[in-house]
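Numbering (this note's numbering), first residue to last: 43 to 304.
Now the structure itself:
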């Protein structure tokens, strides 16, 4: 790649600095490589048939976790839907970490000249397809997941942390926000107690867990949808599908997990 003509040198310097810092932790490129054009490549899963199946399994378990919490089930249905829409991504990502789902990406293959010729007349009449994720965004996601893996959370820590993430009283439009806030505090207290018992020597672990969890909340839903689920669901609305899973699936039984008394 000819870096002398690279457009990233003329773009936002703050973004370039961010990409550089990110690539220092994630990229396996040679140290002398400084061109950031590759960060803007669109990418796709290297093994979508394997990774998408693993992601789907995690999503089913995530929704089952929500569905089987009595305190969530007793909330007004409107509040359930708002919490689901707001929290499914960080809950799903916690599931990926807990299930140790790893993945690799590759540059999105460019269409051949024949494909361009054959599809040129149809492209104007068809609905636009979904966008492919950018490499930099995927690397940021992988960085967040790797940081969580380094914590080596126990099953109970995962369970109570998921409760603290799910019961988010700051979601706009909630009718039972005070009750949801009390549920979040209860989950955080339970998590703190588990951390104290399991890691009495690590005084900063509880605060670190909550801090790293906040990075998962910053991951855009569109990135997760396009990367893990578009190859399966196409242009379908992922949230509508999750709602169907929450209220219609009754036969699937989740694997045994620590009881969360919320």
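Cβ coordinates follow ideal geometry from the N, Cα and C atoms, glycine included. Treat the numbers as computed from the prediction; the structure is a model and nothing was measured.
When you compare only the Cα positions, how much space is there between residue i and residue j?
i           : j           : result
residue 200 : residue 277 : 32 Å
residue 117 : residue 198 : 23 Å
residue 223 : residue 146 : 38 Å
residue 288 : residue 237 : 30 Å
residue 244 : residue 173 : 43 Å
residue 48  : residue 88  : Note that residue 48 scores 46 on pLDDT, short of 50, meaning its location in the model is unreliable; the coordinates nonetheless yield the value given after this. Roughly 26 Å between the two C-alpha positions.
residue 115 : residue 149 : 42 Å
residue 307 : residue 235 : Look at the range of the chain in this structure, 43 to 304, and you will see that residue 307 is not part of it.
Looking only at C-alpha atoms, which of the options sits nearest to residue i?
i           : options            : result
residue 208 : 150, 266, 121, 86  : 121
residue 284 : 139, 210, 213, 125 : 125
residue 83  : 185, 142, 135, 181 : 181
residue 151 : 214, 86, 241       : 86
residue 144 : 238, 195, 117, 90  : 90
residue 286 : 257, 109, 135, 92  : 109
residue 279 : 290, 263, 289      : 263
residue 189 : 113, 176, 135, 98  : 135
residue 191 : 205, 176, 254, 206 : 254
residue 138 : 175, 112, 100, 119 : 100
Pick helix, strand or coil for residue i, following the three-state DSSP scheme.
i           : result
residue 257 : helix
residue 147 : strand
residue 84  : strand
residue 286 : helix
Where do the N-terminal and C-terminal ends of the alpha helix (DSSP H) with residue i fall, by residue?
i           : result
residue 207 : 197-208
residue 187 : 177-193
residue 122 : 119-140
Q: Could you tell me whether the stretch 99-106 touches the stretch 127-142, where touching means 3 or more Cβ pairs closer than 8 Å?
A: A contact is defined here as three or more CB-CB pairs under 8 Å, and the stretch 99-106 meets this definition with respect to the stretch 127-142.
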